[in-house]
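J.:
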Amino acid sequence: MLTRQKLEDFILFLKKKQWEVFGTQKLNGALTIDSIKNPEDLKLESGLPFFSFKRFFVPEKETLFEYKNQNLKIDLLSKKDVAIFGINLLDLKAVLLYDQVFEKDPYYQARRRHILIVGHSLIPDLPQNIFEQTFEEDILEHLSFDIFLASLNNPTQPPLRLRGGEEGLEYAVFTGSPLGQKILNEFGYKDYINIQFSGPVREGKLDERMLKLKDKLENKHNQKIWDELGKRCIECGKCTIVCPTCFCFRIDDQAELGPASGQKAEQNSSYGTRQRCWDSCYWQEFSEVAGGASPSAGGEGQGYKFLKNTAERIHFWYFHKFARLPDEFNFMGCVGCRRCAAVCPVGIDIAEVLKSIENS
Numbered sequence: 001m002l003t004r005q006k007l008e009d010f011i012l013f014l015k016k017k018q019w020e021v022f023g024t025q026k027l028n029g030a031l032t033i034d035s036i037k038n039p040e041d042l043k044l045e046s047g048l049p050f051f052s053f054k055r056f057f058v059p060e061k062e063t064l065f066e067y068k069n070q071n072l073k074i075d076l077l078s079k080k081d082v083a084i085f086g087i088n089l090l091d092l093k094a095v096l097l098y099d100q101v102f103e104k105d106p107y108y109q110a111r112r113r114h115i116l117i118v119g120h121s122l123i124p125d126l127p128q129n130i131f132e133q134t135f136e137e138d139i140l141e142h143l144s145f146d147i148f149l150a151s152l153n154n155p156t157q158p159p160l161r162l163r164g165g166e167e168g169l170e171y172a173v174f175t176g177s178p179l180g181q182k183i184l185n186e187f188g189y190k191d192y193i194n195i196q197f198s199g200p201v202r203e204g205k206l207d208e209r210m211l212k213l214k215d216k217l218e219n220k221h222n223q224k225i226w227d228e229l230g231k232r233c234i235e236c237g238k239c240t241i242v243c244p245t246c247f248c249f250r251i252d253d254q255a256e257l258g259p260a261s262g263q264k265a266e267q268n269s270s271y272g273t274r275q276r277c278w279d280s281c282y283w284q285e286f287s288e289v290a291g292g293a294s295p296s297a298g299g300e301g302q303g304y305k306f307l308k309n310t311a312e313r314i315h316f317w318y319f320h321k322f323a324r325l326p327d328e329f330n331f332m333g334c335v336g337c338r339r340c341a342a343v344c345p346v347g348i349d350i351a352e353v354l355k356s357i358e359n360s
């Protein structure tokens, strides 16, 4: 078993090997994710960080390329090694979605190869997410991680069940990738069990609730639900920012004509960058497309919004998570963390909305 002291030694080992180490820590009584300066600051507990780990996998803003005249610069190689400690089971499910959605994205893949994921077993105390399955057969083989720490309430008992509770003094260690095994072997720790990844979905058994929600959204549309929510929602987009599975982005081009920095005035050139930035389907500009006509005004030459009002925007968000993503990947675009409910200024609770959909 891995002791707490050995875990802290492992963090120091990674830092000596020039890994940037981040993890869950307490700041002013709240669980946050920050750079680990002192290994003692790492807190592995059942609390849920206010923000998820999304920014490590899908940054708020990233430069895709730069150019100057005819020279194009794309940097996919100089990625830093980043180790992330304390990813709970719910946020690990979100990583599965990133890996599926950005499977062929070279920028994501270049960054992903340099991330060491160290998950842990303490479950956030949420009524919609009470897991009672065994580690090996039901959960870990369907999650994407490198190292997984199973906190032992009773160090003499095998880690057969996922438990909540407070931080333990000893951990059973599982590996889920060659990288995880390699790093632990270099550290000199070999008392681990390797879990073979079996895909994101349990074979032959799709989630029954997912299928019910998908059927309701696709075949039994209830406009009353969305009209009522549309009257409450103020389109602030906070839910999409804290959501670990919202991955929508926009492309920003910054182009300049004229002398570049350090050039003489007569040495004209063109230069600029293309960046990918987080976006939200709740913001009106998200649904604007060039050309066409405005559905509300019917005039020519105006920008067209394919989401015309708040009710359509909030329906779009739910339909995406509980119908389109299940269609594509056979799992929901929601991990049940309820961060969206925690930040909503008008009190919209996703758990209540889902019950309304199911009962409609």
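Read in the numbering used here, the sequence shown has 125 at position 125, and its numbers run on one by one without any break.
Cβ coordinates follow ideal geometry from the N, Cα and C atoms, glycine included.
What you are looking at is a predicted structure, and each value in this text was computed from that prediction instead of being measured.
1. Exposed or buried, what is R209 when buried is set at 16 or more other beta-carbons lying within 10 Å of its beta-carbon?
2. Determine, using beta carbons only, whether E62 and K73 come nearer to each other than 8 Å.
3. Given a threshold of 16 other Cβ atoms within 10 Å of its Cβ, counted over all protein chains shown, does N185 qualify as buried or as exposed?
4. So, at 8 Å on beta carbons, what are the nonlocal neighbours of H114 in its own chain, with the 5 sequence-adjacent residues on each side left out?
5. Helix, strand or coil for Q70 per DSSP?
6. What first and last residue would you give for the beta strand (DSSP E) that runs through I87?
7. Which residues in the same chain as P106 place their Cβ atom closer than 7 Å to its Cβ, once the five residues preceding and following it in sequence are excluded?
8. So is A172 buried or exposed if we call it buried at 16+ other beta carbons inside 10 Å?
9. For V353, which residues in the same chain have their Cβ closer than 8 Å to its Cβ, ignoring the five residues on either side in sequence?
10. Would you call the CB atoms of L44 and L92 closer than 8 Å?
11. Pick from H315, L122 and N219: whose alpha carbon is nearest that of G86?
12. On the three-state DSSP scale, how would you describe A341?
13. Nearest CA to the CA of Q275: which residue from I195, D253 and L96?
14. Compute the Euclidean distance between the alpha carbons of A150 and R111, then round it to the nearest angstrom.
15. If I measure Cβ to Cβ from I234 and keep anything under 7 Å in the same chain, skipping five residues before and after, which residues do I get?
16. Which residues share a DSSP beta bridge with E20?
17. Compute the Euclidean distance between the alpha carbons of F202 and C236, then round it to the nearest angstrom.
18. Of the residues F247, R232, I251 and E288, which one's Cα is nearest the Cα of T310?
19. Using only CA atoms, which one of V289, W283, E312 and P326 lies nearest to K212?
20. Roughly how many whole angstroms lie between the Cα atoms of L257 and T273?
21. Sorted by chain position, which residues of the same chain lie with C-beta nearer than 8 Å to G298's C-beta, five sequence neighbours on each side aside?
22. Measuring only the C-alpha atoms, how far is I84 from L27?
23. Taking just the CA atoms, how far does K216 sit from K355?
24. Using a threshold of 8 Å, state whether the C-beta atoms of C340 and R313 are closer than that.
25. Check the DSSP bridge columns for S151 and list the partner residues they point to.
26. Thinking C-alpha only, which one of V95, I251 and E288 is nearest F331?
27. By the DSSP assignment, the alpha helix (DSSP H) with L362 in it spans what residues?
28. Compare the beta carbon distance of T362 and L14 with 8 Å and say whether it is the shorter of the two.
29. I need the DSSP call for C277, collapsed to helix, strand or coil.
30. Could you check what DSSP says for K212 in three-state terms: helix, strand or coil?
31. Helix or strand or just coil, what does DSSP make of D227?
32. When the Cα atoms are used, what is the spatial distance from A351 to M1?
33. Taking only the alpha-carbon atoms, compute the straight-line gap between I36 and V21 and give it to the nearest angstrom.
34. In whole angstroms, what separates the C-alpha of K214 from that of F249?
35. Which whole-angstrom value describes the C-beta separation of I183 and L116, a residue pair presumed to lie in contact below a C-beta threshold of 8 Å?
36. Could you tell me the boundaries of the alpha helix (DSSP H) in which G180 lies?
T.: The relevant details are as follows:
1. exposed
2. no
3. exposed
4. K79, K80, D81 and V82
5. coil
6. V82 to I87
7. For P106, where only same-chain residues beyond five positions count, the Cβ hits under 7 Å are L76.
8. buried
9. I225, L229 and Y318
10. No; because the gap between Cβ atoms is not below 8 Å, this pair is not in contact.
11. L122 is the residue among H315, L122 and N219 whose C-alpha sits nearest the C-alpha of G86.
12. helix
13. D253
14. 26 Å
15. P345 and V346
16. V82
17. Note that residue 202 corresponds to Arg in the displayed sequence, not to Phe. Their backbone Cα atoms lie some 36 Å apart in a straight line.
18. R232
19. P326
20. Their Cα atoms are separated by approximately 12 Å.
21. The predicted model places G298 with a pLDDT of 42, which falls under 50 and marks its position as unreliable; any figure quoted below should be read in that light. So the list is empty, once near-sequence residues are dropped.
22. Each residue's alpha carbon lies about 17 Å from the other.
23. Distance between the alpha carbons of K355 and K216 is about 11 Å.
24. no
25. Y171
26. Checking every option, the nearest Cα to that of F331 belongs to V95.
27. Any answer about residue 362 is impossible in this case: the structure gives the chain only from 1 up to 360.
28. No information on residue 362 is available, as it lies outside the stretch 1 to 360 that the chain covers here.
29. strand
30. In this structure, K212 counts as helix in the three-state DSSP scheme.
31. helix
32. Going by the C-alpha atoms only, they are around 38 Å apart.
33. I36 and V21: Cα-Cα distance of roughly 6 Å.
34. 24 Å
35. Indeed they touch by this definition, with Cβ atoms about 6 Å apart.
36. P178 to F187
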